[in-house]
Amino acid sequence: NSEPGTEQNVNILNFVYRVSNVLKCVEKFLIGIMAIMAIILIVGETVLRYLAPAYLPDWGAEVTVYLVGWATMLSLPSLAAQDKHVRADLVVDLFSRRMRKVLEILVLLVGIVFCAIILKAGIDVVQFGLRFGEISDSSLSFPMWIFYLAVPFGYGFSLLRYVMLLITRLSESRSSSLTS
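All residue numbers for the sequence shown refer to our numbering, where the first residue is 797 and numbers rise by one.
In structure tokens, the structure reads:
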């Protein structure tokens, strides 16, 4: 523990771990609320369709899509944080342990670049929706930029999660090289 930089690595890892836990709780809470709201809307629409079709709103299915879309985008950072992104484990397992660590860092860097590209594209779409005042066709006249905002939100937080994973992996690698 007297090695230089070891305490700093522990502090960085503790900070990343705490931030990750807070994000995980917020993500789960928001996804849960959105899922419950979508279920209530679907059940309510189904009941109204059979019991009182005249009172069936024209926006129920639309709002359900918005809720599920947002919940899906908010689930992306959790998948990144849990290391459940798409990858070819069969191929990676063929390499040495050292090469697998290098590939893992490379995959995280590719994830960061990919998320940054989609984040930028998502921001452009949100700005487009704002600039032209795009709204939904239903009586709700929902501002579409709010729905589009799910993409930069999801990929922005995924980018943050990939950066946090990269910091963790690099700190772990640095710590293991210091102790060996």
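Yeah, the Cβ is synthetic: ideal placement off N, Cα and C, and Gly gets one too.
- Assigned with DSSP and collapsed to three states, residue 853 falls in coil, not helix or strand.
- Between the C-alpha atoms of residue 831 and residue 844 there is a straight-line separation of about 20 Å.
- By the Cβ criterion, the stretch 858-878 is in contact with the stretch 944-953, since at least three pairs of Cβ atoms, one from each stretch, lie closer than 8 Å.
- Taking 8 Å as the cut-off, the Cβ atoms of residue 877 and residue 907 do not count as close.
- The continuous alpha helix (DSSP H) containing residue 804 extends over residues 802-847.
- Restricting attention to 862, 861, 839 and 863, the CA atom closest to the CA of residue 852 is found in 839.
- Scanning its chain for C-beta atoms nearer than 7 Å, with the 5 sequence neighbours on each side dropped, one finds around residue 965 the residues 900, 901 and 904, in chain order.
- By the beta-carbon neighbour count (other beta carbons within 10 angstroms, threshold 16), residue 847 is exposed.
- When only Cα atoms are considered, residue 835 and residue 866 end up about 14 Å apart.
- C-alpha of residue 803 to C-alpha of residue 909: approximately 30 Å in a straight line.
- Scanning the stretch 895-920 for uninterrupted beta strand (DSSP E) segments of 3 residues or longer gives nothing; none is fully contained.
- Rounded to whole angstroms, the gap between the alpha carbons of residue 817 and residue 967 is 18 Å.
- Going by C-alpha positions, residue 888 is about 22 Å away from residue 960.
- In this structure, residue 940 lies near residue 932, with their beta-carbon atoms less than 8 Å apart.
- DSSP lists no beta-bridge partner residue for residue 873.
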